[in-house]
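Residue numbers (my numbering), protein chains in the order written: chain Y, -12 to 212; chain A, 3 to 191.
Glycine included, each C-beta is placed from N, C-alpha and C at the ideal position.
A quick note: this is a predicted structure, and the numbers were derived from the prediction, not measured.
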Amino acid sequence: MNDDLHVLAGEYVLGTLSASASAEVERRLLNEPALRLAVQQWEADLLPLAAMAPPVQPSPQLWARIARSASAPVVPAPRRGWWDSLGLWRALTAGSLLACAVLAVNLAGRVAAPQYMVVLVAPQDKAPGYVVQANARHQVQLTPLGTAAIPGDKSLQFWTKAEGWKGPVSLGLVKPGQTITIPLDALPNVQPNQLFELTLEPVNGSPLNKPTGPVQFIGRAVKVM
Amino acid sequence: MPDHTDLLFDYEAALAGCAAGDQGALRRLYEQEGARLLGVAQRIVRDAALAEDIVHDAFLKVWTRAASYDPLRGAARGWLYTITRHLALNAMRDTAREVTVDDDAAAAIDADASMAQWSDAADAFAWQASPGRITDCLGQLEPVRRNCLLHAYVDGLSHSEIAIKVEAPLGTVKAWIKRSLVALKGCLS
């Protein structure tokens, strides 16, 4: 166990770091999965202690203020999440239809018709990276739309989680540019809105049974008409 | 103490609602956690009006960033507390927080030598009431070291404020917190 890392993460979560040390941790969190994981663990472990602060009834004005602020048009740019970008969804819808059509033609006769489709996009620039199809034979197929390079000391790991599941489930490691078909064996059938994502992990995959690295591509399942 | 409504409330669905622009989902989160989050914030900033400002900012952050919440990591409820605690701690840092660099090695020697003096310190927190593994692990620490951790996490006190509170040298408090974190980590994992 790396004591220094856990102590730094623990002090960050406790709140005892100076402003500059805390900002330094936040900067490191962006590229250091081990530190990020250590922080997440402390946050989860210490959370029960938050119950020691007795609840305080908010003034009636507080919700009104929050509601007012939340309704205000976001003028400059505290940017809304990419889920809210109409342009993105228009592009994705067009992209999905195209991908659907192309794949339907290419794959006709080879695999069962997809029941669910997911277009996995990069969280930053929303570039589509992979298409996931789930068919009635209880398989999902992951098809790359390009060959995005990943660092040599990393791997791409494929995950899914449907609503109500306790945690994410790994569907295995994926080589860039590789099309794979994965039997869902032990998993229930794909559900609407089920989350799929590819994260950057150590070469042999996440050391835990959950993602530790940054999300490379993410999307949710939609039923194919 | 969390009540059973925590288990029934679907935090993840409420965040998904926020991401989709459903203000009703934000309202449900507020009704579920608003008073507890205000309690957490007020304990740290020790000012009722400032605490409400922080909870306002926290819910606005939840509203605008719900889409960036990754449901594969950490619990949705924990995310609300993390956001609120960070805002509250930053508000305190903006007012005053030491940027001291001590000789931690000297402090560590100091910490052992001075332990006897605090060995009969009383608990400052009803920590046994908290659920979870953390309670068992806290129980293995000396009361004064436990108090240091809780003054930091629950009260949001800085090292030097804790030193005043537990009447121990600053370097000793820093060393206690570091060692307590190592001990807790060992116990929790």
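- With a 10 Å radius around the Cβ and a threshold of 16 neighbouring Cβ atoms, Gly154 (chain Y) comes out exposed.
- Minimum Cα-Cα distance from Glu144 (chain A) among the listed residues A:Glu163, A:Ser162, A:Asp157, A:Val168 corresponds to A:Val168.
- For the pair Leu174 (chain Y) and Leu158 (chain Y), the Cα-to-Cα distance works out to about 10 Å.
- Exclusion of the five residues before and after Leu185 (chain Y) leaves Leu107, Gly116, Tyr117, Leu143, Gln144, Phe145, Trp146, Val161, Val202, Gln203, Phe204, Ile205 as the residues of its chain whose Cβ lies within less than 8 Å of its Cβ.
- Exclusion of the five residues before and after Arg207 (chain Y) leaves Val105, Asn180, Gln181, Leu182, Phe183 as the residues of its chain whose Cβ lies within less than 8 Å of its Cβ.
- Per DSSP, the beta-bridge partners of Lys148 (chain Y) are Y:Leu182.
- Less than 7 Å divides the Cβ of Ala53 (chain A) from the Cβ of Leu40 (chain A).
- The residues Gln144, Ser157, Thr186, Thr199, Gly200, in chain order, have a CB closer than 8 Å to that of Ser193 (chain Y) in the same chain once the five nearest residues on each side in sequence are set aside.
- Using a Cβ distance threshold of 7 Å, His161 (chain A) and Lys176 (chain A) count as a contacting pair.
- For Ile167 (chain Y), the uninterrupted beta strand (DSSP E) segment begins and ends at 167 to 170.
- According to the DSSP assignment, Leu158 (chain Y) belongs to the beta strand (DSSP E) that extends over 156 to 161.
- Within the segment 20 to 45 of chain Y, the residues whose Cβ lies closer than 7 Å to some Cβ of chain A are Gln27, Glu30, Ala31, Asp32, Leu33, Leu34, Pro35, Leu36, Ala37, Ala38, Met39, Ala40, Pro41, Pro42, Val43, Gln44, Pro45, listed in chain order.
- The Cβ atoms of Arg95 (chain A) and Ala6 (chain Y) lie closer than 7 Å to each other.
- By the neighbour-count criterion, in which 16 or more other beta carbons inside 10 Å mark a residue as buried, Val156 (chain A) falls on the buried side.
- For Arg29 (chain A), the enclosing alpha helix (DSSP H) stretches over residues 25 to 47.
- Around the beta carbon of Thr86 (chain A), 16 or more other beta carbons sit within 10 angstroms, so the residue counts as buried.
- In the structure shown, the three-state DSSP call for Gly116 (chain Y) is strand.
- Under a 10 Å Cβ-count criterion, Glu30 (chain Y) is classified as buried, with 16 or more other Cβ atoms of the shown protein chains found around its own Cβ.
- Partner residues in a beta bridge of Ala135 (chain Y), as assigned by DSSP, do not exist.
- The shortest C-alpha to C-alpha distance from Arg124 (chain Y) to any of Y:Ile137, Y:Val177, Y:Thr166 is the one to Y:Val177.
- Nearest in C-alpha terms to Ala78 (chain A), of all of A:Leu28, A:Ala165, A:Ser182, is A:Leu28.
- Annotation for Phe204 (chain Y): the continuous beta strand (DSSP E) segment containing it runs 202 to 207.
- Listed along chain Y, the residues sitting closer than 8 Å to Gln25 (chain A) by beta-carbon distance are Ala54, Ala57, Ser58.
- The three-state reading of DSSP puts Met104 (chain Y) in strand, counting E and B together.
- Any Cβ of chain Y closer than 7 Å to the Cβ of Glu163 (chain A) would place that residue at the interface, and such an atom is absent.
- When Cβ-Cβ separations below 7 Å define contact, Asp172 (chain Y) makes no contact with chain A.
- When rounded, the separation of the alpha-carbon atoms in Ala50 (chain A) and Val43 (chain Y) is 9 Å.
- Rounded to the nearest whole angstrom, the C-alpha separation of Arg48 (chain A) and Glu(-2) (chain Y) is 21 Å.
- Distance between Pro47 (chain Y) and Ala21 (chain A), taken at the CA atoms: about 25 Å.
- The C-alpha of Ala43 (chain A) lies about 27 Å from the C-alpha of Ala185 (chain A).
- Interface residue (Cβ-Cβ distance to chain A less than 7 Å): Asp(-9) (chain Y) is not classified as such.
- For Val146 (chain A), there are no C-beta contacts with chain Y under 9 Å, since the nearest C-beta of that chain is about 16 Å from it.
- In the three-state scheme derived from DSSP, where H, G and I count as helix and E and B as strand, Thr199 (chain Y) is classed as coil.
- Selection Y:Pro131, Y:Asn191, Y:Thr130, Y:Gly151 evaluated against Asp140 (chain Y) yields Y:Asn191 as nearest (Cα-Cα).
- Where Glu30 (chain Y) is concerned, the enclosing alpha helix (DSSP H) starts and stops at 20 to 33.
- Within the same chain, Tyr(-1) come within 7 Å of Ser9 (chain Y) by CB-CB distance, once the 5 residues on both sides are set aside.
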